[in-house]
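Numbering (the working numbering), first residue to last: 115 to 371.
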Amino acid sequence: MRRIPFAIWVISGGLLYSALALAYLTIPFALAAGIMGDSGTVLVILIFVAVFLVASVYSFRQKRWAYVLGAATSVVLVLLYSFVIVTTLSNPADAQFWLIISALPTWFLVVLFSSLCFIHAKSGLDTKRYLSTVQSAGGLLTLAIVGFVVGSVVVGAIGSEVILRNVSATAANITIVPGAQTAMVPFVPQVYHVSVGGSVAWVNRDTTAHTVTSNSSSFDSGTMTTGSIWSHTFTQPGRYDYYCAFHPMMVGTVVVG
Ligand SMILES: [Cu+2]
115 MRRIPFAIWV ISGGLLYSAL ALAYLTIPFA LAAGIMGDSG TVLVILIFVA
165 VFLVASVYSF RQKRWAYVLG AATSVVLVLL YSFVIVTTLS NPADAQFWLI
215 ISALPTWFLV VLFSSLCFIH AKSGLDTKRY LSTVQSAGGL LTLAIVGFVV
265 GSVVVGAIGS EVILRNVSAT AANITIVPGA QTAMVPFVPQ VYHVSVGGSV
315 AWVNRDTTAH TVTSNSSSFD SGTMTTGSIW SHTFTQPGRY DYYCAFHPMM
365 VGTVVVG
């Protein structure tokens, strides 16, 4: 059997990792969407999983179109989810932090090596040392990036511990509980009473970002990452229903007066 050039292992392996990571990420979405009856997002992600798998297999067979497919899909995914990526990276305690911190450098390697393999496919990958063997600049770069990923995951895990410990020491009126997306009561207490002119503070003790958004758009916390506290002063009596903009099934109420 012909020896597989080093770069092909990186591309094919990177694409396979992308497919598996996305599939793993989709499971909670699929469960939640099943409840909500909206499977649009799940379907889109499953298509990405399938495309990554196809690109992985055919990159391994050194098909030029597969290099293009894998690289293009990686770029599209980053652009499509750039908002989620930025929010997640800003918070090491986020449940998906390790996934994003490992996927981004993986896609960088995939795009880089796919481009190089595409360019040098005609002349043969074995003519370029950095594509053919791990003992080259290409190998060094890959090792450096893998090292960076492992380091980031470790640092992220420590940061997550620190953030979560600090959160449990903070006081607030309403707590966004761990696992809020699927919790029966995501905002505790579900109904909070406050007198007119009173201030209400929310704290996010979940490892996922949430919002406190008024149904009547009279208040909006914006993105609350793990450990965030946000407060609002209620000057008018009444009943204020609110929800999470990211997970609309998360609802709560503040009664003023
Ligand atoms: Cu939420």
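For glycine and all other residues, C-beta sits at the position ideal for the given N, C-alpha and C.
- By the neighbour-count criterion, in which 16 or more other beta carbons inside 10 Å mark a residue as buried, phenylalanine 301 falls on the buried side.
- Between threonine 220 and serine 132 the beta-carbon gap is near 6 Å, inside 8 Å, which marks them as a contact.
- Around the C-beta of proline 351, fewer than 16 other C-beta atoms lie within 10 Å, and the residue is accordingly described as exposed.
- Shown here, threonine 367 sits in a strand according to DSSP, grouped into three states.
- The beta carbons of threonine 339 and alanine 323 sit closer together than 7 Å.
- Here threonine 347 is not near serine 309, since their CB atoms are 7 Å or more apart.
- Asparagine 280 carries a helical assignment under DSSP once its states are collapsed to helix, strand and coil.
- Counting only runs that start and end inside the segment 185-228, the alpha helix (DSSP H) elements of at least 4 residues fall at 196-203.
- Taken through DSSP and simplified to helix, strand or coil, glycine 352 comes out as strand.
- According to the DSSP assignment, valine 305 belongs to the beta strand (DSSP E) that extends over 305-308.
- Counting along the chain, the unbroken alpha helix (DSSP H) around serine 246 starts and ends at 243-246.
- The beta-bridge partner set that DSSP reports for threonine 340 is empty.
- Setting aside the 5 residues that flank it on each side, serine 332 is surrounded in the same chain by Tyr354, each with a C-beta closer than 8 Å to its C-beta; the list follows chain order.
- DSSP places valine 158 within a helical segment (H, G or I) once states are collapsed to three.
- Judged by DSSP in its simplified three-state form, isoleucine 288 adopts strand.
- Relative to ligand 1, the beta carbon of phenylalanine 360 is positioned inside 6 Å of a heavy atom.
- Beta-bridge annotation (DSSP): alanine 323 is not paired with any residue.
- Annotation: the continuous beta strand (DSSP E) that includes valine 314 extends over 313-318.
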